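Novice: Let me give you the structure first, and then I'll get to my questions.
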Amino acid sequence: ADAADAEVNPVAPPPPGLLPEGPRWTSPLWRWGYAVGDAHDAAKEMRSRLSELTSRVLYLQSILARGSDIHWEDIKLCLALKWQRAAHERRDGGEQGFAMTMENMRLGQYEGDKGLARLIGDLQSILPDLMAEEDLEKLDTVVQELNPEGMQLRDEDMQHRRVAVKALLVLDFINKGL
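Position 43 (the sequence shown) corresponds to 43 in UniProt numbering; numbering is contiguous.
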């Protein structure tokens, strides 16, 4: 059956939650903000997959897991959907908050070799404006509770993943979803 499926559909979609690495936001098929396009389809799937509180907790734990199979394209989509909702609720920090970051994402500023470092740098500069330092420190504790094993890892990818999870937590991702 697998061989027959491969012939009919030579490029099988990735398993749920595992958008492959590669340019997404600069693709003409992505079409962020439109009712038709790859972004719409991926957003619909992600919203469905993360509709329950327990699935959101597991998702954050998976992001922080050693050897995580959650690709950055998946994390970036999750961030964008959360920023979009926060903007509608006027909880995104205004023009210099996540609205600016969302626009940079839409323009493809976080694609390519230096894109992820640029995204993380932008998040690190925005977070202190959205939450008091003591509350951000409490979020560090939440991140540690989500995956204590991951806190022992000091590699750059894990550091970046912690910042992304913190950005989701600032906007109450676990309780409010996407």
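The beta-carbon is built from N, C-alpha and C at its ideal position, and this holds for glycine as well. Keep in mind that this is a model prediction, so the values were computed, not measured.
Quick check: what's the CA-CA separation for M46 versus E134?
Specialist: 31 Å
Novice: Go ahead and pull the three-state DSSP assignment for G51.
Specialist: The sequence shown places Ser at residue 51, not Gly. It is coil, neither helix nor strand.
Novice: Per DSSP, what kind of secondary structure is W72 in: helix, strand or coil?
Specialist: helix
Novice: Would you check if the stretch 34-42 and the stretch 129-148 touch, i.e. whether three or more CB-CB distances between them fall below 8 Å?
Specialist: no
Novice: So is A132 buried or exposed if we call it buried at 16+ other beta carbons inside 10 Å?
Specialist: Flag for A132 reads exposed.
Novice: List the whole-angstrom C-beta distance separating A164 from L130, where the pair is believed to meet the contact cut-off of C-beta under 8 Å.
Specialist: The pair is not a contact, with the Cβ atoms about 15 Å apart (cut-off 8 Å).
Novice: Determine the extent of the alpha helix (DSSP H) in which N104 is found, giving its start and end residues.
Specialist: 98-106
Novice: For L171 and Y59, what's the separation of their Cα atoms in angstroms?
Specialist: 15 Å
Novice: Could you tell me the distance, in whole angstroms, from the CA atom of K82 to the CA atom of A65?
Specialist: 21 Å
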